[in-house]
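Just so you know, the protein sequences line up as chains V and F, in that order. Numbering-wise (the working numbering), the first sequence opens with residue 1 and increments by one. Numbering-wise (the working numbering), the second sequence opens with residue 293 and increments by one. Note that beta-carbon positions come from the ideal geometry of N, C-alpha and C, so glycine has one too. Structure record follows, encoded as structure tokens.
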Amino acid sequence: MNKKKRGNYTPYLMLAPWMIGFVLFKAYPIVVSFFYSLQEYPILGNPEFVGIQNYVEILTADQTFNESFAATMKYVLIVTPSILIVSFAVAFVLNFKLKGVNFFRTMYYIPSILGGNVAVSILWTMLFATDGPVNTIIGFFGAGPIYWTSDPRFAVFTLIILKTWQFGSTMLIFLSALQGVSKSYYEAASLDGASKLRQLFSITVPVITPMILFNAVNVLSKAFEEFNSAYLITKGGPNNATYFLNLYIYEQAFLRGNYGYASALTWILLAIIGILTIIMFKSTDRYVFYND
Amino acid sequence: MKMKRVTRLLAGMLALVMTAGLAACGSGGSNDSSSNEVAEELPEEDVSITFAWWGSDDRHDAMKEVIALYEAENPNVTIEIEYGAWDGWTQKNLTQLSGQTEADVMQVNYNWVHSFGKGENVYYDLNELSAFIDLDNWDDNYLEAMTTTGDGQLGAVPHGMTGRVQLYNKNVFEDAGVDFPSTYDELIAAAAVIGADNVDSGTDNSYVLMNVGEVSTDLFIAQLLYNMTGEVMQTEGTVNYSVDQVKEALELYKSFEDAGAMPQFHQEDPIDNESNPIWTNGRAGSVYEWAGTLDKYTGSIMEAGVAEDELSVADYITANADDDPTIYVKPNLGYAVSKNSANPEVAADFINFMFTNEDAVKALGTSLGISSNKVTFEIQENEGMITGAVKDAYEKLDEYDQVVLDPYFEDENVRGQRYTIIEAFRTGKYSSEEAAEQYISLQQAELDKLFN
């Protein structure tokens, strides 16, 4: 009887640390930020309820938001397919039984561990400097130099290349998915005379579409969260070409001290991510193959 | 039934946690220092205070030495430290103030005193601590610069005043066989020699002068506008310039860039501090920097092998040789005490110690520039600490009439708009006309938010 009683409490006690953490550090800030978004809330002053004024100002009169939104969307819409394609291609190659394949798997994963930290940002700044190695290589082909971080046309691509370089986690998920595709499919296809390319697009890709969807949603939401590279390498410039929404939110809240406005920006960002995610999930019937 | 009890228990726990979270996360920004009673004497029991500052390595070492001196003289006091580089320090201080976790003693920037509370003091009113800080050691006008207009409280005491000067590397001009320019025409003429081999990519280019970072570019253009119009950027929440005036100043600035006198936007190095390689490699004839922290720039280039006597402060560049330049100055930094400090008397006493203890002043040297505190200045002068480019810089400032920068000139929202517009103009996104219009209207919109 006593054992049974203890057993009833155990799951809740085990869940309690997570629940407390979730309520304190996730649910509470999310809920309270919505109330902040309806206020003019100077960081060191008293909040004043202003209704939807912050939202109206952002959506109708804030030129910086327009530029920041455009920069963010450009980044997300290019970086998401870039990472998916590169990570799938590398996973596909690393799925073959090659000599030293484990070494290459580790090497390709390392950039993901490094992330967008300060040291990587300095490395990137040096690589893409006007007289840096990247322009030197381009120079061999008679082109350039390209002002990678100071030309508004190229700055965002410098950050896209950095993010794409960190494809390791996505690659690992693809790799595990590829290893889960039954060999019998390929054997049957070979007997029918299907080429390797045909097998790739008619067997491999359809079978792993759930993982493609999973990776796509993951990469998309993480791309919206991008902050470090824009903060450390380009400082949001030039001309706001890399002034991603997260950077704008951070500066509004912690540099300019406008909590209410920053909270409204956060909710707009949440809405954008939510809409895109819903679109992706709603469209899954057309291309995701669930083997059930 | 048992399940219900458990659920209720958990719900209760969560509610408790949430309520605690709500209480903990409240901004509580309206804490009033007047509610704290100031003791008449320093405590004799063991106390601990925290001191936070930003700066470079030389300042960190000097500050630690001062702290050790104070702790030796006051064995019952322990001083915890928080320090780092300037980058991100504004955000750190602002966030700490919001969460009431700020240090007892804080190094603060001039505009913070005014902007953070929009004219109301967010730090301890130091007038209330005058028994522990000798405020008579400052002239009234220096303290006035740190007094908030809304409530007339003294938010901080200034270390000293500072203004922008032109620190130059004589080698660059001697090698080129030209003098440092004193007029805009001479600046362009000097560029034709010093930058004769310049290329569009900026690789290995040499320049007559360089503004390191957006702060410097902004201040240089502000100086051009002040020289041209005789009016300061803003007074009491109003931008004082017309579109035509700003347009003319921007076009003048662009003409310097186009002539190769200073780098164009894409030719700049991303390192926007004293380690900028164009400066340290001796490819910039001069930098436009604060007199108070000139040591950083002399130090970085001397490390690269340039002798101290090759560095000096040049005359300001004006339209005509006989024009007197107009000079902006501001408190370089100040010291404030937290409204939430449990030991404001000790905090104030420590600040007083930094300014009046001979060994402490010697330890700090001129890493913070020349002090406007009479006692500190006397020690700096008597000990022969004011030398080299820093001495030249303050002597240069003293040659001219000075105007104290409006505290909202450096408000993050206000200057953020200027930075955006200047960058858009320099990269060709906006014409001079478009940039001038926005330079005024966007700044004015931000000032209106502060003043209305």
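Chain F residues whose Cβ lies nearer than 7 Å to that of residue i
{"i": "Y147 (chain V)", "result": "H558"}
{"i": "T130 (chain V)", "result": "S493, G494, T495"}
{"i": "D299 (chain V)", "result": "Because chain V here runs from 1 to 292, residue 299 (chain V) falls outside it and cannot be looked at."}
{"i": "N239 (chain V)", "result": "E715, A716, T719, K721"}
{"i": "Y125 (chain V)", "result": "The residue asked about is misnamed: residue 125 (chain V) is Thr in this sequence, not Tyr. Correct list: P562."}
Segment limits, beta strand (DSSP E) that includes residue i
{"i": "S340 (chain F)", "result": "339-346"}
{"i": "K99 (chain V)", "result": "No beta strand (DSSP E) holds K99 (chain V); DSSP gives it neither H nor E."}
{"i": "T370 (chain F)", "result": "369-376"}
{"i": "T441 (chain F)", "result": "From DSSP, T441 (chain F) is part of no beta strand (DSSP E); its letter is neither H nor E."}
{"i": "R575 (chain F)", "result": "Segment: none, R575 (chain F) is in no beta strand (DSSP E) and carries neither H nor E."}
{"i": "H352 (chain F)", "result": "No beta strand (DSSP E) contains H352 (chain F), which is instead part of the alpha helix (DSSP H) from 349-365."}
{"i": "K622 (chain F)", "result": "619-629"}
{"i": "M453 (chain F)", "result": "449-461"}
{"i": "V695 (chain F)", "result": "694-696"}
{"i": "L603 (chain F)", "result": "603-606"}
Contact set between residue i and chain V, taken where Cβ atoms lie within less than 7 Å
{"i": "S390 (chain F)", "result": "I43, L44"}
{"i": "Q383 (chain F)", "result": "F254, L255"}
{"i": "V414 (chain F)", "result": "L44"}
{"i": "T440 (chain F)", "result": "Near T440 (chain F) there are no residues of chain V at all, since even the closest Cβ is about 12 Å away, more than 7 Å."}
Closest residue to residue i among the options (Cα-Cα distance)
{"i": "V400 (chain F)", "options": "F:R707, F:D467, F:N624, F:L361", "result": "F:N624"}
{"i": "V491 (chain F)", "options": "F:K462, F:A639, F:Q556", "result": "F:Q556"}
{"i": "A541 (chain F)", "options": "F:V524, F:Q730, F:L516, F:A481", "result": "F:L516"}
{"i": "A91 (chain V)", "options": "V:E251, V:Y243, V:L200", "result": "V:L200"}
{"i": "E412 (chain F)", "options": "F:T712, F:T440, F:F701, F:D431", "result": "F:T440"}
{"i": "V79 (chain V)", "options": "V:K282, V:L269, V:S283, V:E226", "result": "V:E226"}
{"i": "A264 (chain V)", "options": "V:Y36, V:L24, V:S169, V:K99", "result": "V:Y36"}
{"i": "L276 (chain V)", "options": "V:M107, V:K222, V:E251, V:A241", "result": "V:K222"}
{"i": "I570 (chain F)", "options": "F:D587, F:A468, F:I593", "result": "F:I593"}
{"i": "V807 (chain F)", "options": "F:D651, F:G676, F:Y692, F:G657", "result": "Because chain F in this structure spans residues 293 to 744, residue 807 (chain F) falls outside the shown range and cannot be described."}
{"i": "L220 (chain V)", "options": "V:V32, V:M73, V:T10", "result": "V:M73"}
{"i": "I203 (chain V)", "options": "V:S182, V:N240, V:Y41", "result": "V:S182"}
{"i": "L501 (chain F)", "options": "F:Q458, F:Y434, F:V598", "result": "F:Q458"}
{"i": "I643 (chain F)", "options": "F:E332, F:D350, F:L361, F:F408", "result": "F:L361"}
{"i": "I486 (chain F)", "options": "F:N497, F:H558, F:Q736", "result": "F:N497"}
{"i": "Y250 (chain V)", "options": "V:I212, V:L213, V:N228, V:R105", "result": "V:N228"}
{"i": "E506 (chain F)", "options": "V:G236, V:Y109, V:M280", "result": "V:G236"}
{"i": "T170 (chain V)", "options": "V:R198, V:N117, V:P111, V:Y185", "result": "V:P111"}
Local Cβ density within 10 Å of residue i, reported as buried at 16 or more and exposed below that
{"i": "E637 (chain F)", "result": "buried"}
{"i": "D550 (chain F)", "result": "exposed"}
{"i": "S176 (chain V)", "result": "exposed"}
{"i": "W346 (chain F)", "result": "buried"}
{"i": "N568 (chain F)", "result": "buried"}
{"i": "R286 (chain V)", "result": "exposed"}
{"i": "G318 (chain F)", "result": "Low per-residue confidence applies at G318 (chain F): pLDDT is 37, beneath 50, and the placement is therefore not dependable, though the value from the model is reported in the following sentence. G318 (chain F) comes out exposed."}
{"i": "M14 (chain V)", "result": "exposed"}
{"i": "E394 (chain F)", "result": "buried"}
{"i": "D698 (chain F)", "result": "buried"}
{"i": "T60 (chain V)", "result": "exposed"}
{"i": "Y8 (chain V)", "result": "The sequence shown places Asn at residue 8 (chain V), rather than the Tyr named in the question. Per the 10 Å Cβ criterion, exposed."}
{"i": "G447 (chain F)", "result": "buried"}
{"i": "I113 (chain V)", "result": "exposed"}
{"i": "R575 (chain F)", "result": "buried"}
Start-to-end residues for the alpha helix (DSSP H) that takes in residue i
{"i": "V156 (chain V)", "result": "155-165"}
{"i": "Y711 (chain F)", "result": "704-718"}
{"i": "V538 (chain F)", "result": "535-550"}
{"i": "S195 (chain V)", "result": "It is not in any alpha helix (DSSP H) - S195 (chain V) carries neither H nor E in the DSSP assignment."}
{"i": "G529 (chain F)", "result": "Premise fails: G529 (chain F) is in no alpha helix (DSSP H) and is neither H nor E."}
{"i": "Q388 (chain F)", "result": "381-391"}
{"i": "A583 (chain F)", "result": "Run containing A583 (chain F): none; DSSP gives neither H nor E here."}
{"i": "M398 (chain F)", "result": "Premise fails: M398 (chain F) lies in the beta strand (DSSP E), 397-400, not in any alpha helix (DSSP H)."}
{"i": "F35 (chain V)", "result": "28-37"}
{"i": "W267 (chain V)", "result": "259-282"}
Chain-ordered neighbours of residue i on chain F, where CB pairs are closer than 8 Å
{"i": "R256 (chain V)", "result": "E704, N705, G708"}
Neighbouring residues, chain F, relative to residue i (Cβ below 9 Å)
{"i": "S121 (chain V)", "result": "Simply none; closest approach about 10 Å."}
Contact set between residue i and chain V, taken where Cβ atoms lie within less than 9 Å
{"i": "G409 (chain F)", "result": "P42, L44, G45"}
{"i": "L656 (chain F)", "result": "Within 9 Å Cβ-Cβ: nothing; L656 (chain F) doesn't reach chain V, min ~29 Å."}
{"i": "T387 (chain F)", "result": "I43, A253, F254"}
Exercise. Determine contact between the stretch 566-580 of chain F and the stretch 671-691 of chain F, defined as no fewer than three beta-carbon pairs at a distance below 8 Å.
Key: no
Quiz item: Does the count of Cβ pairs from the stretch 193-207 of chain V and the stretch 135-142 of chain V closer than 8 Å reach three?
Solution: no
Quiz prompt | Contact between the stretch 696-710 of chain F and the stretch 249-264 of chain V (3+ Cβ pairs under 8 Å) | solution = yes
Quiz item: Between the stretch 155-169 of chain V and the stretch 37-51 of chain V, do at least 3 Cβ pairs fall closer than 8 Å?
Solution: no
Exercise. Inspect the CB distances between the stretch 505-520 of chain F and the stretch 707-719 of chain F and report whether three or more fall short of 8 Å.
Key: yes
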